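I have placed the structure first, in the form of structure tokens, so that the comments after it can refer back to it.
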């Protein structure tokens, strides 16, 4: 299994690349949605499809840093079945293969993110 790894507050998270569509520049224009949950930043147009963007820090209940136009912000676009979403993260991403050997690594359940279950 291969995963894409990113860090939030120095904690490593991974997403199986089976679910990965693309990693985008985090400065892509995001259209805000009225009355959306705090962790939904808005939507983007991804290849002609409107995709909700989830703030990873808010979703996981972690401290948010100022990321409005951070140069190292990324949007990880994922899919499960016919559902797509973007996860806004800060910092670099890296591709890893098993064995991962990363202390504290949490593999994210994409199904929970796409159904907005915490």
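Residue numbers (the working numbering): 1481 to 1598. Idealized CB from N, CA, C, for every residue including glycine. Note that this is a predicted model, so its numbers are computed, not measured.
Backbone CA spacing between residue i and residue j [nearest angstrom]
i	j	result
residue 1557	residue 1502	5 Å
residue 1571	residue 1552	5 Å
residue 1581	residue 1527	35 Å
residue 1538	residue 1488	11 Å
CB contact flag (residue i, residue j, <8 Å)
i	j	result
residue 1497	residue 1533	no
residue 1560	residue 1493	no
residue 1563	residue 1594	yes
residue 1524	residue 1513	no
Environment of residue i [buried if 16+ CB atoms lie within 10 Å]
i	result
residue 1536	buried
residue 1516	exposed
residue 1566	buried
In DSSP terms, what residue i is bridged to
i	result
residue 1526	1529
residue 1493	1486, 1586
Residue i in three-state terms, based on DSSP
i	result
residue 1562	coil
residue 1510	coil
residue 1505	strand
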